[in-house]
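*Asks:*
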Amino acid sequence: IFLNQSTLTDLFTLVYVFVDDYLKALEGAGICQLPRMANQKGTYSEIMTIALVGELLKQRYLGHCFDFVKIEYRSLFPELPDRTRFYRIQNNLERLYADFALRFAPKLAGELDSYIIDSKAIAICKGARWRKPRAMTEARSGYSSMGMFYGFKLHAIVDERGLICRFQKSLSLRV
(Lines of atoms letter the chains of each structure in order from A and count residues from 1; the text may use other names and numbers.)
(Lines give C-alpha, C1' and ligand atoms only; values in the text may rest on other atoms or scores of the structure.)
Protein backbone atom coordinates (compact mmCIF):
# COMPACT_ATOMS: atom_id res chain seq x y z
CA ILE A 1 0.00 0.00 0.00
CA PHE A 2 2.82 2.43 0.83
CA LEU A 3 4.83 2.07 -2.37
CA ASN A 4 1.76 2.48 -4.60
CA GLN A 5 1.80 6.26 -4.11
CA SER A 6 2.31 8.44 -7.18
CA THR A 7 4.62 11.03 -5.56
CA LEU A 8 7.08 11.10 -2.72
CA THR A 9 4.94 13.78 -1.05
CA ASP A 10 2.01 11.35 -1.00
CA LEU A 11 4.23 8.65 0.49
CA PHE A 12 5.49 11.00 3.21
CA THR A 13 1.92 12.06 4.00
CA LEU A 14 0.59 8.51 4.22
CA VAL A 15 3.45 7.26 6.39
CA TYR A 16 3.26 10.36 8.62
CA VAL A 17 -0.46 9.87 9.29
CA PHE A 18 0.11 6.17 10.03
CA VAL A 19 3.05 6.83 12.40
CA ASP A 20 1.37 9.79 14.10
CA ASP A 21 -1.78 7.76 14.79
CA TYR A 22 0.37 4.91 16.13
CA LEU A 23 2.29 7.21 18.53
CA LYS A 24 -0.92 8.90 19.71
CA ALA A 25 -2.49 5.48 20.36
CA LEU A 26 0.56 4.42 22.42
CA GLU A 27 0.40 7.59 24.48
CA GLY A 28 -3.38 7.34 24.86
CA ALA A 29 -3.08 3.76 26.12
CA GLY A 30 -0.36 4.81 28.58
CA ILE A 31 2.22 2.48 27.02
CA CYS A 32 4.76 5.26 26.50
CA GLN A 33 5.05 8.97 27.09
CA LEU A 34 7.25 10.87 24.63
CA PRO A 35 8.97 13.94 26.08
CA ARG A 36 7.93 17.32 24.69
CA MET A 37 10.13 20.42 24.81
CA ALA A 38 9.10 24.00 24.16
CA ASN A 39 11.86 24.59 21.58
CA GLN A 40 11.83 21.08 20.08
CA LYS A 41 12.64 20.91 16.38
CA GLY A 42 10.69 18.24 14.55
CA THR A 43 8.14 15.93 16.09
CA TYR A 44 8.80 12.29 16.81
CA SER A 45 6.26 11.42 14.11
CA GLU A 46 8.20 13.47 11.55
CA ILE A 47 11.51 11.91 12.52
CA MET A 48 10.13 8.36 12.40
CA THR A 49 8.45 9.13 9.07
CA ILE A 50 11.72 10.23 7.46
CA ALA A 51 13.50 7.10 8.68
CA LEU A 52 10.70 4.75 7.61
CA VAL A 53 10.33 6.30 4.15
CA GLY A 54 14.10 6.05 3.71
CA GLU A 55 13.86 2.39 4.67
CA LEU A 56 10.92 1.79 2.30
CA LEU A 57 12.90 3.36 -0.55
CA LYS A 58 15.96 1.25 0.39
CA GLN A 59 18.19 4.25 1.03
CA ARG A 60 21.65 3.08 2.02
CA TYR A 61 22.56 6.01 4.27
CA LEU A 62 19.95 7.47 6.59
CA GLY A 63 21.94 10.70 6.95
CA HIS A 64 21.85 11.39 3.21
CA CYS A 65 18.13 10.69 3.15
CA PHE A 66 17.62 13.07 6.08
CA ASP A 67 19.67 15.82 4.39
CA PHE A 68 17.69 15.37 1.16
CA VAL A 69 14.36 15.65 3.00
CA LYS A 70 15.53 18.65 5.00
CA ILE A 71 16.39 20.54 1.80
CA GLU A 72 13.86 19.32 -0.77
CA TYR A 73 10.80 18.81 1.45
CA ARG A 74 11.00 21.85 3.69
CA SER A 75 7.30 22.48 3.04
CA LEU A 76 6.39 19.13 4.64
CA PHE A 77 8.96 19.27 7.43
CA PRO A 78 9.56 22.98 8.21
CA GLU A 79 11.61 22.54 11.40
CA LEU A 80 13.92 19.56 11.59
CA PRO A 81 16.83 19.13 14.02
CA ASP A 82 20.48 18.84 13.05
CA ARG A 83 21.70 15.53 11.71
CA THR A 84 23.47 14.59 14.96
CA ARG A 85 20.32 15.26 16.97
CA PHE A 86 18.35 13.23 14.41
CA TYR A 87 20.68 10.26 15.01
CA ARG A 88 20.38 10.60 18.81
CA ILE A 89 16.59 10.61 18.55
CA GLN A 90 16.74 7.54 16.27
CA ASN A 91 18.73 5.69 18.93
CA ASN A 92 16.27 6.74 21.64
CA LEU A 93 13.31 5.53 19.56
CA GLU A 94 14.78 2.05 19.11
CA ARG A 95 12.18 0.34 21.31
CA LEU A 96 9.34 2.08 19.49
CA TYR A 97 10.73 0.91 16.14
CA ALA A 98 10.88 -2.66 17.47
CA ASP A 99 7.30 -2.46 18.73
CA PHE A 100 6.20 -0.88 15.45
CA ALA A 101 7.84 -3.66 13.43
CA LEU A 102 6.37 -6.43 15.57
CA ARG A 103 2.86 -4.95 15.40
CA PHE A 104 2.76 -4.16 11.70
CA ALA A 105 5.06 -6.71 10.05
CA PRO A 106 3.11 -8.88 7.62
CA LYS A 107 2.07 -12.23 9.05
CA LEU A 108 2.98 -14.52 6.18
CA ALA A 109 4.44 -17.39 8.19
CA GLY A 110 2.49 -19.96 6.18
CA GLU A 111 4.20 -18.92 2.94
CA LEU A 112 7.76 -19.16 4.24
CA ASP A 113 9.76 -22.36 4.21
CA SER A 114 12.85 -21.53 6.23
CA TYR A 115 13.85 -19.56 9.27
CA ILE A 116 17.18 -18.54 10.75
CA ILE A 117 17.82 -18.91 14.47
CA ASP A 118 20.55 -16.74 15.93
CA SER A 119 21.67 -15.52 19.32
CA LYS A 120 23.56 -12.42 20.36
CA ALA A 121 25.23 -11.52 23.61
CA ILE A 122 23.81 -8.48 25.38
CA ALA A 123 26.78 -7.55 27.50
CA ILE A 124 26.51 -5.43 30.61
CA CYS A 125 30.29 -5.49 30.93
CA LYS A 126 33.20 -7.23 29.22
CA GLY A 127 36.79 -8.02 29.91
CA ALA A 128 38.38 -8.06 33.35
CA ARG A 129 35.34 -6.47 35.03
CA TRP A 130 32.99 -9.40 34.46
CA ARG A 131 33.91 -11.13 37.75
CA LYS A 132 33.19 -8.12 39.97
CA PRO A 133 29.91 -8.16 41.92
CA ARG A 134 26.97 -6.42 40.27
CA ALA A 135 23.71 -4.91 41.45
CA MET A 136 21.85 -6.63 38.60
CA THR A 137 21.65 -10.13 40.01
CA GLU A 138 19.60 -11.64 37.15
CA ALA A 139 22.51 -11.38 34.70
CA ARG A 140 25.11 -14.15 34.44
CA SER A 141 28.57 -14.54 32.99
CA GLY A 142 28.91 -16.43 29.74
CA TYR A 143 30.86 -16.91 26.54
CA SER A 144 30.21 -15.48 23.12
CA SER A 145 32.22 -15.46 19.91
CA MET A 146 33.90 -12.30 21.21
CA GLY A 147 34.96 -13.86 24.53
CA MET A 148 33.75 -13.70 28.12
CA PHE A 149 30.98 -11.27 29.06
CA TYR A 150 28.48 -10.57 31.85
CA GLY A 151 24.88 -10.11 30.79
CA PHE A 152 22.13 -11.82 28.84
CA LYS A 153 21.62 -13.62 25.53
CA LEU A 154 19.07 -12.57 22.93
CA HIS A 155 17.74 -15.45 20.83
CA ALA A 156 15.85 -14.52 17.65
CA ILE A 157 14.03 -16.41 14.92
CA VAL A 158 14.26 -14.51 11.63
CA ASP A 159 12.37 -15.33 8.45
CA GLU A 160 13.71 -15.27 4.88
CA ARG A 161 12.96 -11.57 4.51
CA GLY A 162 14.94 -10.63 7.62
CA LEU A 163 11.90 -9.91 9.81
CA ILE A 164 12.07 -11.06 13.41
CA CYS A 165 9.30 -13.62 13.99
CA ARG A 166 10.05 -14.40 17.64
CA PHE A 167 12.65 -13.47 20.19
CA GLN A 168 13.50 -14.23 23.78
CA LYS A 169 15.96 -12.89 26.34
CA SER A 170 17.70 -15.50 28.47
CA LEU A 171 20.46 -15.72 31.00
CA SER A 172 23.89 -16.24 29.54
CA LEU A 173 25.32 -19.55 30.61
CA ARG A 174 28.87 -20.73 30.92
CA VAL A 175 29.56 -23.45 28.41
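Throughout, the numbering used here is defined as the position within the sequence shown, counted from one, plus 323. Ideal Cβ positions, reconstructed from N, Cα and C, are used throughout, including at glycine.
1) Which residue from Leu380, Tyr384, Val338 and Leu379 puts its Cα closest to that of Pro367?
2) Quick check on Asp482: buried or exposed, where buried means 16 or more other Cβ atoms within 10 Å of its Cβ?
3) Would you identify the three-state DSSP class for Leu379, choosing helix, strand or coil?
4) In whole angstroms, what is the alpha-carbon distance linking Gln491 and Ile354?
5) Determine contact between the stretch 356-376 and the stretch 329-346, defined as no fewer than three beta-carbon pairs at a distance below 8 Å.
6) For Phe335 and Tyr384, which I take to be in contact (beta-carbon distance under 8 Å), what is that distance rounded to the nearest angstrom?
7) Between the C-alpha atoms of His478 and Ile445, what's the straight-line distance to the nearest angstrom?
8) Look up Cys488 in the DSSP assignment and say whether it is helix, strand or coil.
9) Let me know if Ala424 comes out buried or exposed under the rule of 16 or more other beta-carbons within 10 Å of its beta-carbon.
10) With a threshold of 6 Å on Cβ separation, who are the neighbours of Ile500 within its own chain once the five nearest residues in sequence on each side are excluded?
11) Over the uninterrupted alpha helix (DSSP H) stretch that includes Glu417, give me the two end residues.
12) Could you give the residue range of the alpha helix (DSSP H) that holds Asp405?
13) Since Gly386 and Arg408 should fall inside the 8 Å C-beta cutoff, what is the C-beta to C-beta distance between them, to a whole number of angstroms?
14) Closer than 8 Å by C-beta to Ile480: which residues in its own chain qualify, once you throw out the five before and the five after it? Chain order, please.
15) How is Ile354 classed by DSSP in three states: helix, strand or coil?
16) For Gly377, is the classification buried or exposed, using 16 other Cβ atoms within 10 angstroms of its Cβ as the cut-off for buried?
*Replies:* In brief:
1) The identity of residue 367 in the sequence shown is Tyr, whereas the question assumes Pro. Ranking Leu380, Tyr384, Val338 and Leu379 by Cα distance to Tyr367 puts Val338 first.
2) Under this definition Asp482 is a buried residue.
3) Correct three-state label for Leu379: helix.
4) 20 Å
5) Yes, since at least three Cβ pairs between the stretch 356-376 and the stretch 329-346 fall closer than 8 Å, the two stretches touch.
6) 18 Å between Cβ atoms; not a contact.
7) 10 Å
8) strand
9) exposed
10) One cannot answer for residue 500 here, as it falls past the ends of the chain, which runs 324 to 498.
11) Glu417 to Phe427
12) No alpha helix (DSSP H) contains Asp405, which DSSP labels as neither H nor E.
13) Not a contact, Cβ separation roughly 12 Å.
14) Tyr438, Ile439, Ile440, Ile487, Cys488, Arg489 and Phe490
15) Secondary structure at Ile354: coil, using DSSP grouped into helix, strand and coil.
16) The residue is buried, with at least 16 neighbouring Cβ atoms inside 10 Å.
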